[in-house]
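K.L.:
Right, I'll just put the structure down here and ask away after.
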Amino acid sequence: MNLLHYPWLVFAFSVIALGASAWAGWSLLGRRHALDEDLRPDHSIILAATLTLLALIIGFSFSMAVNRYDQRKTDEESEANAIGTAFVRADLLPAGDAAKMRTLLAEYLDQRILAYATSDETQLARIRAQTDQLQAGLWWTVQAPATANPNPVIALAVSGVNDVLNARGYTQAANRNRLPNEVWIFLAIVAILSNALVGWGLHHNKGAARLLVILPLISALAFLLIADIDTPRHGIIQVQPQNLISLAQSMHPK
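Heads up: the sequence shown is residues 18 to 271, going by the numbering used here.
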């Protein structure tokens, strides 16, 4: 199981890890290497620089996650347009093939909507298998008349089905395009060091121990938001197949 696919696990792990690093800085470093008065200005400079770097990395990671989310939304819209266009171009085929193609496209559209609506891997595997079969059926439906009677009109129907197949591939590629693990590792290292430095700096003030939870909690919330946006299926913020649903309603008026 990939921890980064589950935003709430990212949040829980981040709170524990960052809280432990803040406590380690306050307790272990503070006791063994207490800051002298002449070192406090240098510590403040290093802490400010580290926190600034942490903020920059969080902002950079958030921007990357949002770009990926926007790409998934764009691909969902493109997929709906491709299916709708192929449905209209089915009229260019002979009557029997046209009816079969419209039926297959309607079933294919339902499977694509289900693929957005579920996060269960077992069910997703069944949906993918069914979708693959429908894609093969769609291609065979246009391949037969195109081979028997090749002409520019039928070529439009073939092109429409080809766009449908490509659109699904683009959507799957966008779902696999996640933040690189190296970004998360670097983000975690900087966050841990930042919290340790904060804890170390607060050691001289015994009443400040209760403040140790603030930075770990804020950092963990930022990680939660980034992981949630970056996760196609298991987060709260997900791409809703509104365009596909609207298309299904027009294809199934009842």
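Just so you know, even glycine gets a beta-carbon here, dropped at the ideal spot from N, CA and C. Note that the coordinates shown come from a computational prediction; the quantities given were computed from them, not determined experimentally.
Starting from the Cα of Leu238, find the closest Cα among His22, Gln152, Leu35 and give me that residue.
P.N.:
With distances taken between Cα atoms, Leu238 lies closest to Leu35.
K.L.:
Should Glu124 and Leu151 be called a contact, given that it needs their Cβ atoms to be closer than 7 Å?
P.N.:
Contact flag set, yes.
K.L.:
Below 8 Å, can you find three or more Cβ-Cβ pairs linking the region 252–261 to the region 79–93?
P.N.:
Enough Cβ pairs lie closer than 8 Å, so yes.
K.L.:
Looking at the unbroken alpha helix (DSSP H) that takes in Arg119, where does it start and where does it end?
P.N.:
112–134 is the extent of the alpha helix (DSSP H) around Arg119.
K.L.:
Touching or not, the region 58–66 and the region 205–221, by the rule of three or more beta carbon pairs under 8 Å?
P.N.:
At 8 Å Cβ cutoff, the stretches touch.
K.L.:
Take Arg119 and list the residues in its own chain whose beta-carbon comes closer than 7 Å to its own, dropping the five residues that flank it on each side.
P.N.:
Here the set comprises Phe104, Ala107.
K.L.:
Terminal residues of the continuous alpha helix (DSSP H) containing Leu299?
P.N.:
The requested residue 299 is not part of the displayed model; the chain covers only 18 to 271.
K.L.:
Which of the three DSSP states, helix, strand or coil, is assigned to Ile253?
P.N.:
The answer is coil: DSSP assigns Ile253 none of H, G, I, E or B.
K.L.:
Since I believe Leu71 is in contact with Ala208 (beta carbons under 8 Å), could you give me their beta-carbon distance rounded to a whole number of angstroms?
P.N.:
Correct: roughly 6 Å between the Cβ atoms.
K.L.:
My understanding is that Gly252 touches Pro58, with C-beta atoms under 8 Å, so please give their C-beta distance in whole angstroms.
P.N.:
The Cβ separation is near 42 Å, so there is no contact.
K.L.:
According to DSSP, simplified to helix, strand and coil, what is Thr248?
P.N.:
In the structure shown, Thr248 sits in coil (DSSP, three-state: anything other than H, G, I, E or B).
K.L.:
Using a 10 Å radius around the Cβ and a threshold of 16 neighbouring Cβ atoms, would you call Thr248 buried or exposed?
P.N.:
Burial call: buried.
K.L.:
With a cut-off of 8 Å on the beta carbons, I'd call Leu232 and Ala39 a contact; round off their distance for me.
P.N.:
At roughly 7 Å, the Cβ-Cβ gap stays under 8 Å, so Leu232 and Ala39 are in contact.
K.L.:
I believe Ala41 touches Ala205 by the beta-carbon criterion, under 8 Å. Please report the beta-carbon distance rounded to the nearest angstrom.
P.N.:
Contact doesn't hold; Cβ gap of about 15 Å is too wide.
K.L.:
Sorted by chain position, which residues of the same chain lie with C-beta nearer than 6 Å to Ala184's C-beta, five sequence neighbours on each side aside?
P.N.:
Cβ neighbours of Ala184 beyond the five flanking positions: Ser95, Glu96, Ala99.
K.L.:
If distances are taken between C-alpha atoms only, which option among Ala37, His22, Ala190 comes closest to Leu229?
P.N.:
Looking at the Cα atoms, Ala37 is the closest of the given residues.
K.L.:
Can you tell me which of Val181, Gln189, Ile243, Ala190 puts its alpha carbon nearest to the alpha carbon of Val200?
P.N.:
Of the listed residues, the one whose Cα sits closest to Val200 is Ile243.
K.L.:
Please determine if the region 176–190 and the region 151–162 are in contact, where contact requires at least 3 C-beta pairs separated by less than 8 Å.
P.N.:
In short, these stretches touch, since the Cβ pair count reaches three.
K.L.:
What does the Cβ neighbour count give for Ala191, buried or exposed, with the cut at 16 atoms within 10 Å?
P.N.:
So Ala191 ends up on the buried side.
K.L.:
Can the beta-carbon of Asp127 be found less than 7 Å from the beta-carbon of Pro162?
P.N.:
No, they are not a contact pair.
K.L.:
Between Leu241 and Val27, which are expected to be in contact by the criterion C-beta below 8 Å, what is the C-beta distance as a whole number of angstroms?
P.N.:
The pair is a contact, with the Cβ atoms about 6 Å apart (cut-off 8 Å).
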